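Asks: Under the working numbering, the very last position in the sequence shown is 1568; numbers go up by exactly one each time. Heads up, the beta-carbon is just placed ideally off N, CA and C, and yes, glycines get one too. Remember, it's a predicted structure, so these values are computed and weren't measured experimentally. Quick one: structure below, then a few questions.
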Amino acid sequence: MPAEWEMPSAVLLSMPHGGTDWADMLQEVTECYRKIVAALVRHKVPVIIAAPDTDSARKALSGIPDSLMTFFTVQTNDTWTRDYGPIAVSENGDIRMLDFKFNGWGLKFAACHDNLVTRHMVESGIITAPTENHLSFVLEGGSIESDGRGTIMTTSHCLLSPNRNGAMSPGEITDYLKKTLGAERVLWLSKGALMGDDTDSHIDTLARLAPHDTIIYTGCDDESDPHYEELNEMEKGIQKFRTADGAPYNLIRLPLPDARYDEDGNRLPATYANYLVLPEVVLMPSYGNELKDRTAAGMLQMVFDKDVECIDCNSLIKQHGSLHCATMQIPREALCI
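The structure is reproduced here in structure tokens:
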């Protein structure tokens, strides 16, 4: 499985619409999507826009140059393409796309349409690379990280969830990931639950693999924060990880954004770790604290040696996701767009 930063890709997004949980704040979240799409186009990244009504999607994105946009008509339950989009693997330079089962994060939400998006992309001719059916195994893109060199990182809370692949033992799941994703080893993170996280601790909100044997992860310094103990236990687990050569990882500790709450006072799972790495730039979610936003952006700029562009994701976090969750990169050579 290639690392996110390794190859030129297009990005798949799914536009919010009135048939999703965004219905009550559609205008607000659409403006966030406009900012994401505009940033992708500005940095010359092709964008695939999935929507049940592509005319409405075009109208919502009007004013943004559309030469790099491909609109794709398909029914969707929700907008989190990271978790139901296709996952790429590369073998001797040949790309294959893997279609895993998506069951609404362990049967929490309806997923009947989202689970079919990859199949429809193949049938429509957008995906032209060979595609493998892995619909017997539940796997979301946000639950796995790859360094492109044979290491996969994930969380036990998510992948060992009984409502995903509960009939399989941890060893069987490890072997399956190795075989299917071409991995030599799997790093299991056992701590790090965030309040308001519907995904059962997706790795892309907690810890990310990065170049030069680096792990970027979410930390917490405030002892009064309910996340303090959990994230510090997670940090201890990350400190024990070793590279394939047996050396400690270089560790970069991101600050925890200021607490965000929904209208009922429930904590939302905002983190800076939910960034997207592109060939020219890193797109990072921001949440309104200029000092913390700037600090996190500086850390990512140092690691990836790229400019970092912040996109306000306070609207996305209201539905418990953020920038990385809303995007899925697909190698350009796998597509006809």
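Using only alpha-carbon positions, find the residue among Glu1403, Asn1463, His1344 that is nearest to glycine 1450.
Replies: Measuring from the Cα of glycine 1450, the nearest candidate turns out to be Asn1463.
Asks: Using 8 Å as the cut-off, can you tell me whether the stretch 1479 to 1495 makes contact with the stretch 1518 to 1533, which would need three or more C-beta pairs spanning the two stretches below that distance?
Replies: The stretch 1479 to 1495, when compared against the stretch 1518 to 1533, does touch it at the 8 Å Cβ threshold.
Asks: Does the contact criterion of 3 or more C-beta pairs under 8 Å hold for the stretch 1323 to 1341 versus the stretch 1292 to 1303?
Replies: The stretch 1323 to 1341, when compared against the stretch 1292 to 1303, does not touch it at the 8 Å Cβ threshold.
Asks: Any idea if proline 1393 is buried or exposed, counting beta-carbon neighbours within 10 angstroms, 16 or more meaning buried?
Replies: Flag for proline 1393 reads exposed.
Asks: Quick check on DSSP: helix, strand or coil for tryptophan 1311?
Replies: Tryptophan 1311: coil per DSSP, three-state reduction.
Asks: One question on the structure: do glycine 1381 and alanine 1475 come within less than 8 Å of each other, judged by their Cβ atoms?
Replies: Result yes, Cβ atoms of glycine 1381 and alanine 1475 sit closer than 8 Å.
Asks: Quick check on this structure: which residue in Asp1453, Pro1500, Asp1538, Ile1447 has the alpha carbon closest to the alpha carbon of cysteine 1556?
Replies: If we check each option's Cα against that of cysteine 1556, Pro1500 comes out closest.
Asks: Measure the C-alpha to C-alpha separation of serine 1367 and isoleucine 1404 and round it to an integer number of angstroms.
Replies: Approximately 12 Å, taken between the alpha carbons.
Asks: If you check the beta carbons only, do threonine 1362 and valine 1353 fall under 8 Å apart?
Replies: For threonine 1362 and valine 1353, yes; Cβs fall inside 8 Å.
Asks: Quick check on DSSP: helix, strand or coil for phenylalanine 1535?
Replies: Residue state, collapsed to three classes: helix.
Asks: Under three-state DSSP, which class holds serine 1392?
Replies: If DSSP states are grouped into helix, strand and coil, serine 1392 belongs with coil.
Asks: Going by C-alpha distance, which of Ala1341, Met1399, Phe1331, Val1272 is nearest arginine 1350?
Replies: Taking only the C-alpha atoms, the option nearest arginine 1350 is Phe1331.
Asks: Nearest to alanine 1570 by CA position, among Lys1549, Ala1504, Ser1546, is which residue?
Replies: Because residue 1570 is not part of the residues shown, which for the chain are 1232 to 1568, the question remains open.
Asks: Let me check understanding here. Comparing Cα to Cα, which of Ser1321, Lys1471, Cys1343, Asn1346 lies closest to lysine 1410?
Replies: Selected option, being the one with the closest Cα: Ser1321.
Asks: Sorted by chain position, which residues of the same chain lie with C-beta nearer than 8 Å to leucine 1554's C-beta, five sequence neighbours on each side aside?
Replies: Here the set comprises Ile1267, Asn1505, Tyr1506, Leu1507, Leu1514, Met1515, Pro1516, Ile1542, Cys1544, Leu1547.
Asks: Alpha carbon to alpha carbon, how far is isoleucine 1483 from histidine 1551?
Replies: If you take the alpha carbons of isoleucine 1483 and histidine 1551, they lie about 24 Å apart.
Asks: By Cβ distance below 8 Å, which residues in the same chain neighbour valine 1512 in space, the five residues on each side in sequence not counted?
Replies: So the list reads Ala1270, His1274, Lys1537, Asp1538, Val1539, Glu1540, once near-sequence residues are dropped.
Asks: Within its chain, find whatever has a CB closer than 7 Å to the CB of glycine 1372; leave out the 5 residues flanking it on each side and keep chain order.
Replies: Closer than 7 Å at the Cβ level, and outside the excluded window around glycine 1372, lie Arg1313, Asp1314, Gly1316, Ile1318, Met1559.
Asks: Look at the alpha carbon of histidine 1458 and the alpha carbon of glutamate 1259, and state the distance between them as a whole number of angstroms.
Replies: Distance between the alpha carbons of histidine 1458 and glutamate 1259: 28 Å.
Asks: Just to confirm the assignment, what range does the beta strand (DSSP E) spanning valine 1513 have?
Replies: Run containing valine 1513: 1512 to 1517, per the beta strand (DSSP E) assignment.
Asks: Could you spell out the range, first to last residue, of the beta strand (DSSP E) harbouring aspartate 1330?
Replies: Taken as a continuous stretch (DSSP letters only), the beta strand (DSSP E) holding aspartate 1330 covers 1325 to 1332.
Asks: Per DSSP, histidine 1365 forms a beta bridge with which residues?
Replies: For histidine 1365, which the question treats as bridged, DSSP gives the partners Phe1331.
Asks: With a CB to CB cut of under 7 Å and the five nearest residues on each side skipped, what residues in its chain are close to proline 1247?
Replies: These residues qualify, in order along the chain: Trp1253, Leu1257, Val1260, Thr1261, Tyr1264, Thr1310.
Asks: What residue range is occupied by the uninterrupted alpha helix (DSSP H) comprising arginine 1197?
Replies: With the chain covering only 1232 through 1568, there is no way to say anything about residue 1197.
Asks: Is any non-hydrogen atom of the ligand NAD found closer than 7 Å to the C-beta of alanine 1565, if you look at the structure I gave you?
Replies: In the structure on display, the ligand NAD does not appear, and there are no ligands present to speak of.
Asks: Assuming contact is defined by CB atoms lying nearer than 8 Å, are isoleucine 1357 and isoleucine 1279 in contact in what I supplied?
Replies: Contact: yes.
Asks: Is isoleucine 1318 helix, strand or coil when you go by DSSP?
Replies: It is a strand residue.
Asks: Do the CB positions of cysteine 1389 and threonine 1359 come within less than 8 Å of each other?
Replies: No, the pair does not count as a contact, with Cβ atoms beyond the cut-off.
Asks: Helix, strand or coil: how does DSSP classify threonine 1301 here?
Replies: In the structure shown, threonine 1301 sits in a strand (DSSP, three-state: E or B).
Asks: Going straight from the alpha carbon of aspartate 1378 to that of aspartate 1495, what length do you get?
Replies: Looking at the two C-alpha atoms, the distance is approximately 39 Å.
Asks: Give me the Cα-Cα distance between alanine 1291 and asparagine 1364, rounded to the nearest whole angstrom.
Replies: In a straight line, the C-alpha of alanine 1291 is about 33 Å away from that of asparagine 1364.
Asks: Can you give me the C-alpha to C-alpha distance between tyrosine 1480 and threonine 1285, rounded to a whole angstrom?
Replies: Roughly 45 Å between the two C-alpha positions.
Asks: Whole angstroms is fine: what's the gap from glutamine 1470's alpha carbon to alanine 1478's?
Replies: Roughly 11 Å between the two C-alpha positions.
Asks: With a floor of 4 residues, list each alpha helix (DSSP H) that falls wholly inside the stretch 1441 to 1520, ordered by position along the chain.
Replies: Counting only runs of 4 or more, we get 1459 to 1471.
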